[in-house]
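Numbering of the sequence shown is given in this note's numbering, commencing with residue 446 and proceeding in unit increments.
Virtual Cβ for every residue (Gly too), placed ideally from N, Cα, C.
Note that the structure is a prediction, hence the values are computed from the model and not measured.
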Amino acid sequence: MHPKLRIRFEQIETDRKKLLNELIALNEDILWKAPQGKWSINQILTHIMVSEKLSVLYMRKKSHGVDQLDNSGALESFKVLVLKASQRLPIKYSAPKVLIENTPDALPLQELIRQWDSVRDVLRNLLEKIAEKNIRKKIYKHPVVGRLDVLQAMAFFHEHIHHHWPQVKHLLKN
């Protein structure tokens, strides 16, 4: 795996493990508890995992025709800055329609961990196959900002977890 990809992958794995380690010993009832009109912790985690799963499947598909794809450039760098800013603001966004349509009911934590481990294994395998010359190919499609490269995709994965982390912490306090 290219060193840049390894660094990003290790970063998002650290994010995921840190989040899950805060939850693993909790009573399952806490993870299912949701205030009126809000998501439970399990719903939040299922949302994040499914978002990554759909993204990884799309990137794997696009990687088969990587030679035909354009490289990311200044416009995509700007889009990522906007995306990062949007994830860091304490603003509630509706999940994209494609994500809502493909998200199952919230999963129990152990099943969620099992599925998320599998998603990350698929991502790791994909990253190991990406040649240096293809790192900037736009193989990822964010539902709002459009096509980005794999490094930018993983930057979004990082930001997405951190965007939802305060929701999880708030639910743990209540």
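Is residue i helix, strand or coil by DSSP?
{"i": "Tyr538", "result": "coil"}
{"i": "His587", "result": "strand"}
{"i": "Ala516", "result": "The amino acid occupying residue 516 in the given sequence is Asn; Ala does not appear at that position. Strand, per DSSP."}
{"i": "Gln471", "result": "One detail in the question is off: residue 471 reads as Leu in this sequence, not Gln. Correct three-state label for Leu471: coil."}
{"i": "Leu552", "result": "coil"}
{"i": "Arg592", "result": "strand"}
{"i": "Lys582", "result": "strand"}
{"i": "Asn619", "result": "coil"}
{"i": "Pro480", "result": "coil"}
{"i": "His603", "result": "helix"}
Can you give the beta carbon distance from residue i to residue j, rounded, assuming they're within the 8 Å contact cut?
{"i": "Gln612", "j": "Ile489", "result": "6 Å"}
{"i": "Asn472", "j": "Leu557", "result": "Asn472 to Leu557, Cβ: 16 Å. No contact."}
{"i": "Pro588", "j": "Val543", "result": "6 Å"}
{"i": "His609", "j": "Ile493", "result": "6 Å"}
Closer than 6 Å by C-beta to residue i: which residues in its own chain qualify, once you throw out the five before and the five after it? Chain order, please.
{"i": "Leu568", "result": "Val501"}
{"i": "Glu573", "result": "Met446"}
{"i": "Lys507", "result": "Ile584"}
{"i": "Gln513", "result": "none"}
{"i": "Arg505", "result": "Leu571"}
Nearest to residue i by alpha carbon, out of the options?
{"i": "Val564", "options": "Gln481, Glu467 and Leu499", "result": "Leu499"}
{"i": "Met599", "options": "Phe454, Pro549 and Pro448", "result": "Phe454"}
{"i": "Leu616", "options": "Pro588, Asn466 and Trp477", "result": "Trp477"}
{"i": "Leu464", "options": "Leu554, Glu577 and His587", "result": "Leu554"}
{"i": "Ala519", "options": "Pro448, Leu593, Gln481 and Trp610", "result": "Leu593"}
{"i": "Lys601", "options": "Tyr538, Ala530 and Lys483", "result": "Looking at the sequence itself, residue 601 is Phe, so the reference to Lys does not match. Ranking Tyr538, Ala530 and Lys483 by Cα distance to Phe601 puts Ala530 first."}
{"i": "Tyr503", "options": "Asn466, Lys586 and Gln597", "result": "Lys586"}
{"i": "Phe523", "options": "Ile545, Gln597 and Lys614", "result": "Gln597"}
{"i": "Lys618", "options": "Ile475, Ile575 and Ala470", "result": "Ile475"}
Can you check whether the CB of residue j is closer than 8 Å to the CB of residue i?
{"i": "Val511", "j": "Ile580", "result": "no"}
{"i": "His595", "j": "Leu528", "result": "Note that residue 595 corresponds to Val in the displayed sequence, not to His. No."}
{"i": "Ala551", "j": "Ser485", "result": "yes"}
{"i": "Thr459", "j": "Pro549", "result": "no"}
{"i": "Lys449", "j": "Asn516", "result": "no"}
Enumerate in chain order the residues of its own chain whose CB-to-CB distance from residue i is below 8 Å, with the five nearest sequence positions on each side excluded.
{"i": "Arg461", "result": "Trp561, Arg565 and Ile606"}
{"i": "Gln532", "result": "Phe601, Glu604, His605, His607 and His608"}
Among the residues of its own chain, which have a CB less than 7 Å from the CB of residue i, if the five just before and after it don't count?
{"i": "Ala540", "result": "His492"}
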